[in-house]
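**Student:**
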Amino acid sequence: DAGITQSPRHKVTETGTPVTLRCHQTENHRYMYWYRQDPGHGLRLIHYSYGVKDTDKGEVSDGYSVSRSKTEDFLLTLESATSSQTSVYFCAISAPTSGGASTYEQYFGPGTRLTVT
Amino acid sequence: TQLLEQSPQFLSIQEGENLTVYCNSSSVFSSLQWYRQEPGEGPVLLVTVVTGGEVKKLKRLTFQFGDARKDSSLHITAAQPGDTGLYLCAGAHPRDDKIIFGKGTRLHILP
């Protein structure tokens with residue numbers, strides 16, 4: 348258990364409204380990620396962070412912004428939600444592999460199901 | 272662009288049967304992870320393989336990393352209904368450790 352929580356777990360919102368999803372971690376991990384998961388597309392990276400105030404775009408970043416003002420919190424904002432942003436959103440952290448290998452593995456939160464009507 | 276292809280996309284078999292699912296790429300990875308995801312939950316890490324040819328076992332699940340570190344397989348012996356779920360593989364890029372995911376194999380074990 349990597350101590351990752353997401354809020355809210357479910358949200359229904361209307362097209363054009365702003366939405367913010369929160370990811371909280373308790374173990375001081377440096378790297379955090381936001382993914383969306385859709386049928387036929389798998390997990391797609393939206394944005395990621397490699398430290399406080401250090402963020403970068405993933406492959407599907409259009410329409411999304413992120414902020415990380417504290418190590419433990421990574422926020423994903425949809426400035427003006429569209430129906431194409433209906434999806435399940437997952438937050439993840441990256442941690443060094445146990446056993447001494449110099450590589451990383453990811454641990455996921457429980458997800459937020461967002462419906463934009 | 273690195274791609275991870277998983278096959279089959281869907282698999283439905285009877286309890287007690289054996290099965291193998293595959294994760295293939297033309298690119299080399301520094302490591303490869305396997306996850307299982309159940310409905311309404313996030314992916315859960317099962318195993319990480321790092322060395323070419325490495326084999327890891329987790330009860331009835333056997334994971335193998337290809338010798339060239341471009342592919343991996345997951346073999347399940349005597350499948351149980353509890354094995355039902357979406358199995359995802361993910362590879363870490365050797366230069367920057369960026370992780371890419373396959374689209375998954377959806378496995379259904381019939382009691």
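Going down the list, the sequences are from chains A and B.
Quick note: the first sequence uses the working numbering, first residue 348, plus one each step.
Quick note: the second sequence uses the working numbering, first residue 272, plus one each step.
Ideal Cβ positions, reconstructed from N, Cα and C, are used throughout, including at glycine.
#1: What does Asp368(B) reach in chain A if we use C-beta pairs closer than 7 Å?
#2: So Gln384(A) is in the beta strand (DSSP E); what residue range does that whole segment cover?
#3: May I have the straight-line CA-CA distance separating Ala442(A) from Glu286(B), to the nearest angstrom?
#4: Thinking just about the alpha-carbon of each residue, which of Lys328(B), Arg340(B), Pro365(B) is nearest to the one in Ile347(B)?
#5: Are the Cβ atoms of Ala428(A) and Thr373(A) separated by less than 8 Å?
#6: Run the CB neighbour count on Pro365(A), radius 10 Å, all protein chains shown included, and call it buried at 16 or more, exposed below.
#7: Output, in chain order, the set of chain A residues within a Cβ distance shorter than 7 Å of Cys292(B).
#8: Which residues share a DSSP beta bridge with Lys417(A)?
#9: Considering only their Cβ atoms, is the gap separating Leu274(B) from Ser385(B) smaller than 8 Å?
#10: Ignoring anything shorter than 3 residues or poking outside the stretch 283 to 339 of chain B, list the beta strand (DSSP E) runs there in chain order.
#11: Would you call the stretch 369 to 383 of chain A in contact with the stretch 411 to 422 of chain A, where contact means no fewer than 3 C-beta pairs closer than 8 Å?
#12: Short check: CB of Thr402(A) to CB of Asp368(B), under 8 Å?
#13: Any C-beta of chain B within less than 7 Å: which residues of the stretch 416 to 437 of chain A qualify?
#14: Who pairs with Pro443(A) in a beta bridge, going by DSSP?
**Tutor:** Taking the coordinates as given:
#1: Taking the first residue of the second sequence as position 1, residue 368(B) is located at position 97. Going along chain A in sequence order, the residues near Asp368(B) (Cβ under 7 Å) are Thr450, Tyr451.
#2: To locate residue 384(A), count along the first sequence from 1; it is residue 37. Where Gln384(A) is concerned, the enclosing beta strand (DSSP E) stretches over 378 to 385.
#3: Stepping through the first sequence from its first residue, residue 442(A) is reached at position 95. Stepping through the second sequence from its first residue, residue 286(B) is reached at position 15. Distance between the alpha carbons of Ala442(A) and Glu286(B) is about 35 Å.
#4: In the second sequence, the residue the question calls residue 347(B) occupies position 76. Ile347(B) has its Cα closest to that of Lys328(B), out of Lys328(B), Arg340(B), Pro365(B).
#5: Your numbering for residue 428(A) matches position 81 in the first sequence. Your numbering for residue 373(A) matches position 26 in the first sequence. Not closer than 8 Å, so no.
#6: The residue given as residue 365(A) occupies position 18 in the first sequence. With fewer than 16 other Cβ atoms within 10 Å, it is exposed.
#7: Looking up residue 292(B) in the second sequence gives position 21. According to the sequence as given, residue 292(B) is Val; it is not Cys. In chain order: nothing, as chain A lies at least about 14 Å away.
#8: Taking the first residue of the first sequence as position 1, residue 417(A) is located at position 70. Asp420(A).
#9: Residue 385(B) is absent from the structure shown; chain B starts at 272 and stops at 382.
#10: 290 to 295, 302 to 308, 315 to 320, 326 to 329, 332 to 336
#11: yes
#12: Sequence index remark: in the first sequence, residue 402(A) carries index 55 (1-based). Sequence index remark: in the second sequence, residue 368(B) carries index 97 (1-based). Not a contact, by the Cβ cut-off of 8 Å.
#13: Phe437
#14: By 1-based counting over the first sequence, the position of residue 443(A) is 96. Paired residues: Tyr451(A).
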